[in-house]
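Residue numbers (the working numbering), protein chains in the order written: chain A, 6 to 321; chain B, 43 to 361.
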Amino acid sequence: MRVETTRVANPVRLQHMAGFYDSMPDLVGQALPLVSAAFARAEPVALAVRPTTERALHDVAGGAAGFVTLESAATARGSGQTMATRRARQLRELTAAGAVTVLTEHDHELDGVDGRYWTELDAAQSIALGDLPVSLVCFFPQFPLHLEILDGARRNHPQLLVAGERRRNPAHRSPRDVLAAIPASTPLLLGPPEVTLTYTAWQLHDVRCAVEQVLADVPTFVATRIEDVVLAVNEVATNAVEHGGHQARLALWVDDDELVCEVHDIGTLVEPLPGMRAPHPSQPRGRGLWIARQLCDVLHIWWDAQGTHVRLHAGP
Amino acid sequence: MITSTAEMTAGDHVCAVPVSDEQLWELTAEFVAAGLARGEQVVYFDDGTAGSVLGRLAADRVRVARPLHTGQLEIVPSAITRQVFHTPVPEAREILRAKIDQAEADGYTGFRMTGQWSYGMSRPVGAVPFTDYDAALHTLVRERSMILLCLYDQRRYTNAQIEELRAVHRDELDAPNTYDDGLLRVTRTGSSTARLAGEIDHSNRPVIARLLEAALDEALRAHSASTDIELNLASLRFLDVAAAVSLVHAAEEFPSTHRLVLVDVTPRVGRVLDRCGAPFAAQLLVREIDEPREPVLDATRRFDPSGAGSDRDEPEAIR
Numbered sequence: 006m007r008v009e010t011t012r013v014a015n016p017v018r019l020q021h022m023a024g025f026y027d028s029m030p031d032l033v034g035q036a037l038p039l040v041s042a043a044f045a046r047a048e049p050v051a052l053a054v055r056p057t058t059e060r061a062l063h064d065v066a067g068g069a070a071g072f073v074t075l076e077s078a079a080t081a082r083g084s085g086q087t088m089a090t091r092r093a094r095q096l097r098e099l100t101a102a103g104a105v106t107v108l109t110e111h112d113h114e115l116d117g118v119d120g121r122y123w124t125e126l127d128a129a130q131s132i133a134l135g136d137l138p139v140s141l142v143c144f145f146p147q148f149p150l151h152l153e154i155l156d157g158a159r160r161n162h163p164q165l166l167v168a169g170e171r172r173r174n175p176a177h178r179s180p181r182d183v184l185a186a187i188p189a190s191t192p193l194l195l196g197p198p199e200v201t202l203t204y205t206a207w208q209l210h211d212v213r214c215a216v217e218q219v220l221a222d223v224p225t226f227v228a229t230r231i232e233d234v235v236l237a238v239n240e241v242a243t244n245a246v247e248h249g250g251h252q253a254r255l256a257l258w259v260d261d262d263e264l265v266c267e268v269h270d271i272g273t274l275v276e277p278l279p280g281m282r283a284p285h286p287s288q289p290r291g292r293g294l295w296i297a298r299q300l301c302d303v304l305h306i307w308w309d310a311q312g313t314h315v316r317l318h319a320g321p
Numbered sequence: 043m044i045t046s047t048a049e050m051t052a053g054d055h056v057c058a059v060p061v062s063d064e065q066l067w068e069l070t071a072e073f074v075a076a077g078l079a080r081g082e083q084v085v086y087f088d089d090g091t092a093g094s095v096l097g098r099l100a101a102d103r104v105r106v107a108r109p110l111h112t113g114q115l116e117i118v119p120s121a122i123t124r125q126v127f128h129t130p131v132p133e134a135r136e137i138l139r140a141k142i143d144q145a146e147a148d149g150y151t152g153f154r155m156t157g158q159w160s161y162g163m164s165r166p167v168g169a170v171p172f173t174d175y176d177a178a179l180h181t182l183v184r185e186r187s188m189i190l191l192c193l194y195d196q197r198r199y200t201n202a203q204i205e206e207l208r209a210v211h212r213d214e215l216d217a218p219n220t221y222d223d224g225l226l227r228v229t230r231t232g233s234s235t236a237r238l239a240g241e242i243d244h245s246n247r248p249v250i251a252r253l254l255e256a257a258l259d260e261a262l263r264a265h266s267a268s269t270d271i272e273l274n275l276a277s278l279r280f281l282d283v284a285a286a287v288s289l290v291h292a293a294e295e296f297p298s299t300h301r302l303v304l305v306d307v308t309p310r311v312g313r314v315l316d317r318c319g320a321p322f323a324a325q326l327l328v329r330e331i332d333e334p335r336e337p338v339l340d341a342t343r344r345f346d347p348s349g350a351g352s353d354r355d356e357p358e359a360i361r
């Protein structure tokens with residue numbers, strides 16, 4: 006795992022813009038000037054678009070040179086915040102050499118039940134990529150199946166691409182306000198857990214033992230990975246009893262491929278998506294969840310009237 | 043007054059009441075190490091605890107592979123430890139007397155033993171009282187100048203049992219002042235050095251800040267004191283993120299003349315420190331454990347005199 010501190014001194018920050026298209030050729034037509042401008046500045050263009058769009062962009066730009074393909078969202082299990090964490094990690098490496106232009110495209114296969122994934126992804130990206138020299142342009146269809154997607158897109162993006170021009174978006178809201186109106190999605194229920202445990206701040210040792218015990222019998226998990234997963238669960242569990250009330254509930258599911266862990270508490274979050282950005286080294290708190298997000302394959306936080314909930318998936 | 047198991051000499055029969063598992067492993071490991079260093083034969087009666095004792099010996103860098111091989115250090119398997127309490131007292135005493143004589147014949151400079159004997163207290167009413175075994179051992183201490191450390195820890199013995207056993211021991215170990223909350227044990231090993239054993243999490247994190255503050259304060263006041271505040275983390279098994287961050291911050295707030303030095307840091311704790319910016323803190327020095335640990339668990343399995351390991355409790359895994 007790479008650990009870097011937040012680049013606060015960097016003068017260039019995220020530029021986040023939404024564009025709307027009515028067909029794939031229209032999308033390519035709108036994207037081409039952005040690609041040409043990036044290439045003219047000797048900036049690479051990172052793509053998170055459907056394969057047909059990617060091929061079409063390569064064709065009009067005269068080849069694949071200068072393009073980078075970003076990680077697919079399929080493995081984030083419908084968690085927009087998880088996808089944003091991964092994208093931040095990938096873009097942090099890409100931007101080490103300088104600014105990057107990123108083009109993304111809506112994919113209805115990731116909509117889930119109501120398309121909320123996209124709103125959560127964009128809000129999470131606004132936080133996670135905030136300090137990176139990235140120009141992120143998100144393309145949405147003018148008429149998606151779930152109109153809530155457009156609602157979220159209009160609130161999440163400070164800029165809009167209209168007729169090839171950057172325009173300030175008067176409907177733009179902060180990620181916190183967006184997520185207050187359109188909260189992160191609730192994942193599908195799992196079956197009965199293998200282990201459940203109610204604990205207090207003085208029983209975090211029991212939480213760690215429970216995780217160690219369920220993983221000890223899984224041959225695919227090596228000792229160092231078990232230690233890291235125990236650390237991740239400990240941080241999530243600590244957060245629940247530190248901010249969420251004196252008691253919290255832990256549930257564990259395990260098989261050869263992964264550990265799934267849920268932590269539920271009755272508290273409410275001050276910041277809707279904690280741990281999306283590495284805190285500045287001088288900040289005493291807030292690093293635990295960030296490290297947990299880096300160590301897990303999926304870490305999804307959601308909230309409702311009952312309190313705050315976290316589900317994490319960790320593979321071997 | 044005896045304050046350390048390392049001070050015990052021939053003819054000493056001392057009991058100790060460890061307040062935590064960490065203290066139990068610490069006392070046992072010190073006792074074993076002192077015996078090995080003096081060329082004595084050391085016998086440990088296991089009852090599911092040998093793994094942790096060997097883990098602590100490894101953390102203390104006591105080499106045990108060879109003593110286990112030669113028999114200088116003998117770990118009596120759990121099944122046999124428990125069998126002792128089903129053997130009539132005179133018979134048990136004779137077996138042990140023969141063992142001490144054999145140790146002398148083999149050229150060892152002495153004989154010492156300790157172990158986990160809580161099974162002897164948990165047997166049904168009507169069995170031979172535990173204190174009868176203790177009395178028999180006491181005769182051997184007197185006759186054969188054996189060294190005997192009886193450990194009655196608060197997790198495996200009830201308060202009533204501990205009081206009963208304390209009453210039959212003339213000497214009790216008086217351990218120096220330490221912090222011990224059952225999860226973390228902090229032992230001051232010098233004016234600016236301390237050793238942490240166990241786990242640090244949200245429940246006991248403030249202890250570290252207080253410890254560092256006190257050690258730094260002392261170091262600044264004392265003219266001759268070291269400018270390095272040293273914490274030995276060999277037996278620290280878990281460090282949470284906020285505690286790692288607080289160590290990094292504490293070092294950064296030291297006056298520029300002083301440094302925080304973390305020594306014998308295990309890879310597990312080292313990774314957490316790395317992720318919390320330890321490599322970027324100029325006044326924090328992290329020294330990882332440099333030698334690979336001996337394969338202690340294999341050693342006990344190999345020298346298990348009972349042959350099959352199935353009838354004994356597995357030693358606790360060391361991580």
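Positions of the beta carbon are idealized from the N, C-alpha and C atoms, including for glycine. Owing to the predicted nature of the structure, the values given are computational and were not obtained by experimental measurement.
Which two residues bound the contiguous beta strand (DSSP E) that contains residue i?
i	result
B:V85	Q83 to F87
A:E267	L264 to D270
B:A264	Unbroken run through B:A264: none, as it is neither H nor E.
A:G169	Counting along the chain, A:G169 falls outside any beta strand (DSSP E), and DSSP gives it neither H nor E.
B:T220	T220 to D222
A:P146	V139 to P146
B:A58	H55 to A58
A:H21	Q20 to Y26
A:W258	Q252 to V259
B:R198	Segment: none, B:R198 is in no beta strand (DSSP E) and carries neither H nor E.
A:L209	Not the beta strand (DSSP E): A:L209 falls in the alpha helix (DSSP H), residues L209 to A221.
Just to confirm the assignment, what range does the alpha helix (DSSP H) spanning residue i have?
i	result
A:T226	It is worth fixing the name first, because residue 226 of chain A is Phe in this sequence and not Thr. No alpha helix (DSSP H) contains A:F226, which DSSP labels as neither H nor E.
B:V97	Note on identity: in this sequence residue 97 of chain B is Gly, with Val being the wrong assignment. A92 to A101 is the span of the alpha helix (DSSP H), which, as asked, contains B:G97.
B:E136	V131 to A147
A:M88	G85 to L99
B:V74	D63 to A79
B:C192	Unbroken run through B:C192 is the beta strand (DSSP E), I189 to L193; no alpha helix (DSSP H).
A:L37	M29 to A45
A:R181	P180 to A186
B:R184	F172 to R186
A:G157	E153 to N161
A:R60	P56 to A66
Could you tell me how far apart the beta carbons of residue i and residue j are, in whole angstroms, since I believe they sit closer than 8 Å?
i	j	result
A:W258	A:E199	6 Å
B:H300	B:L258	7 Å
A:H162	A:M22	6 Å
A:T124	A:G157	3 Å
A:G272	A:T313	6 Å
B:Y29	B:V131	The structure shown does not extend to residue 29 of chain B, since chain B is modelled only from 43 to 361, so the question has no answer here.
B:A267	B:S245	Not confirmed; about 31 Å, so no contact.
A:G293	A:T243	6 Å
B:V290	B:G319	5 Å
B:V118	B:T173	The Cβ separation is near 21 Å, so there is no contact.
A:M281	A:A129	6 Å
Opposite residue i in the DSSP bridges: which residues?
i	result
B:N274	B:R237 and B:V305
A:P321	Bridge partners of A:P321: none, in fact.
A:W308	A:T313
A:F72	A:V50
B:D213	B:V56
A:G117	DSSP, once it has assigned bridges, lists no residue as partnering A:G117.
B:F362	Nothing can be reported for residue 362 of chain B: it is not among the residues displayed for chain B, which extend from 43 to 361.
When every heavy atom of the ligand MG is checked, does at least one fall within less than 7 Å of the C-beta of residue i?
i	result
B:S187	Absent from the structure shown: the ligand MG. Ligands present: none.
According to a CB-to-CB cut-off of less than 8 Å, which residues of the region 317-334 of chain B neighbour chain A?
Residues are counted here when their Cβ sits less than 8 Å from a Cβ of chain A; for the region 317-334 of chain B these are R317, C318, G319 and F322, given in chain order.
Along the region 238-272 of chain B, where does the CB come closer than 8 Å to a CB of chain A? Name the residues.
Here the close residues are E241, D243, H244 and S245.
Compile a chain-ordered list of the residues in the region 90-101 of chain B whose CB is closer than 9 Å to at least one CB of chain A.
Answer set for the region 90-101 of chain B: empty.
Three or more C-beta pairs closer than 8 Å, one from the region 264-274 of chain B and one from the region 227-245 of chain A: is that the case here?
Not touching, per the Cβ criterion.
Counting pairs of Cβ atoms below 8 Å between the region 82-90 of chain A and the region 141-153 of chain A, do you hit three or more?
As far as the Cβ criterion goes, the region 82-90 of chain A does not touch the region 141-153 of chain A, which means the pair count is below three.
Please name the residues in the region 286-313 of chain B whose beta-carbon is closer than 9 Å to at least one beta-carbon of chain A, in chain order.
Answer set for the region 286-313 of chain B: A286, V287, S288, V290, H291, E294, P309, R310 and R313.
Could you run through the region 292-313 of chain A and flag, in chain order, every residue whose CB is less than 7 Å away from some CB of chain B?
For the region 292-313 of chain A, which is checked against every Cβ of chain B, the residues closer than 7 Å are R292, G293 and I296.
Under 7 Å (Cβ pairs) to chain A, residues found in the region 274-285 of chain B
Flagged, chain order: F280, D282, V283 and A284.
At least 3 beta-carbon pairs within less than 8 Å: the region 281-290 of chain A vs the region 57-70 of chain A
Flag = no, the region 281-290 of chain A and the region 57-70 of chain A do not touch.
Three Cβ pairs or more, each shorter than 8 Å: is that satisfied between the region 172-192 of chain A and the region 207-227 of chain A?
Contact between the region 172-192 of chain A and the region 207-227 of chain A is absent, because fewer than three Cβ pairs lie under 8 Å.
Taking one C-beta from the region 98-115 of chain B and one from the region 185-192 of chain B each time, how about it: are there three or more such pairs within less than 8 Å?
In short, these stretches do not touch, since the Cβ pair count stays below three.
For the region 53-85 of chain B, which residues have a beta carbon sitting closer than 7 Å to at least one beta carbon of chain A?
Taking 7 Å as the Cβ-Cβ cut-off against chain A, none of the residues of the region 53-85 of chain B qualify.
Check distances from the C-beta atoms of the region 192-221 of chain A to those of chain B and list, in chain order, the residues that come in under 7 Å.
For the region 192-221 of chain A, the set of residues with a beta-carbon nearer than 7 Å to any beta-carbon of chain B comprises A206, W207, L209, H210 and R213, in chain order.
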